[in-house]
Amino acid sequence: MTKMAALRPTHFLWRMDGAVAVIQLNRPERKNPLTFESYAELRDTFRDLASADDVHAVVLLPNGGNFCSGGDVHEIIGPLIAMEMNELLAFTRMTGDLVKAMLHCGKPIIAAVDGVAAGAGAIIAMAADLRLATPAAQTAFLFNRVGLAGCDMGACAILPRIIGQGRAAELLYTGRAMTAQEGEAWGFYNRLVAADALEQEALTLARRIAAGPTFANGITKTQLVAEWSMSLDQAIEAEAQAQAICMQTNDFQRAYRAFIAKQKPVFEGN
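In structure tokens, the structure reads:
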């Protein structure tokens with residue numbers, strides 16, 4: 176198993192809060208844009224999380240009042256203009272691999288959004304399991320505004336499942352910013368919180384999840400993704416098998432014994 180507590184990334188901030196991993200992009204003076212290197216390092220980190228037994232949940236925090244402004248205009252968009260098709264495809268596959276790594280890391284991810292979440296920043300928030308935001312959050316899938324299609328990093332597959340087809344189509348065709356209030360009303364954000372409470376609210380939620388039955392939570396995340404492409408009959412059968420596996424865990428037995436003793440269960444993730 177991978178131990179993530181010793182991780183020392185180059186292109187973002189990382190710390191452990193108990194069993195919760197906390198990530199912040201670290202270019203606040205430019206609203207935390209991504210570079211080729213930070214994309215790759217984030218992808219590799221989420222891949223490693225799949226085998227990390229010391230991380231039970233992940234929180235993505237803003238930095239300097241903003242979440243992420245997307246790909247850096249000078250360090251990504253400029254160089255892309257000069258690339259050949261094979262290089263462009265390698266890049267777009269790499270960015271998509273970040274989303275896939277987030278979906279398949281087995282850890283619940285909470286995005287805490289303040290200020291700008293644009294382009295790939297909006298996608299990273301979208302790929303999280305839960306999203307909190309401040310009233311000042313502006314979330315823009317702005318690919319259309321730079322001459323690109325809205326179908327970037329899984330947006331056309333994932334965003335309609337969160338907010339509905341028509342609302343997703345509007346955002347992807349126009350590139351306009353979704354306000355925090357719209358995001359909450361449409362179900363993109365679980366709730367809005369004050370800016371000075373955002374980090375604590377996100378960490379409190381993450382700690383609550385991390386204290387739960389982590390093996391079972393990993394199964395839940397797996398099924399939430401896998402069942403997108405299943406029929407209802409297939410999904411019900413897959414859940415029957417998944418739940419039978421969870422019923423063999425020690426955490427299931429711990430919960431039963433705690434209930435009998437009128438105590439709160441203490442889960443250990445096995």
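For the sequence shown, position 38 matches number 213 in my numbering, and the numbering has no gaps at all. Cβ coordinates follow ideal geometry from the N, Cα and C atoms, glycine included.
With DSSP as the reference, label residue i as helix, strand or coil.
| i | result |
| --- | --- |
| Arg-382 | helix |
| Phe-363 | coil |
| Thr-185 | coil |
| Thr-314 | strand |
| Arg-202 | coil |
| Asp-192 | strand |
| Met-277 | helix |
| Asn-445 | coil |
| Thr-177 | strand |
| Leu-172 | No statement about residue 172 is possible, as the shown extent of the chain runs from 176 to 445 and does not include it. |
| Ala-232 | strand |
| Val-288 | strand |
| Ala-227 | strand |
With the cut-off set at 7 Å, would you say residue i and residue j are in Cβ contact?
| i | j | result |
| --- | --- | --- |
| Glu-376 | Val-368 | yes |
| Ile-337 | Phe-363 | yes |
| Ala-308 | Ala-232 | no |
| Glu-204 | His-186 | no |
| Val-291 | Lys-206 | yes |
| Gly-358 | Thr-314 | yes |
| Asp-229 | Ala-180 | yes |
| Gly-325 | Leu-347 | yes |
| Leu-209 | Asn-238 | no |
| Ala-312 | Val-288 | yes |
| Phe-442 | Gly-393 | no |
| Asp-192 | Leu-378 | yes |
Pull the bridge partners of residue i from the DSSP assignment, please.
| i | result |
| --- | --- |
| Gly-246 | Leu-209 |
| Met-353 | Thr-314 |
| Asn-238 | Asn-241 |
What distance in whole Å lies between the Cβ atoms of residue j and residue i, which are believed to be in contact at a cut-off of 8 Å?
| i | j | result |
| --- | --- | --- |
| Gly-246 | Gly-294 | 6 Å |
For this session: Evaluate the contact criterion for the segment 213-222 versus the segment 265-275: three or more CB pairs, one atom per stretch, below 8 Å.
Result: Yes, the segment 213-222 is in contact with the segment 265-275.
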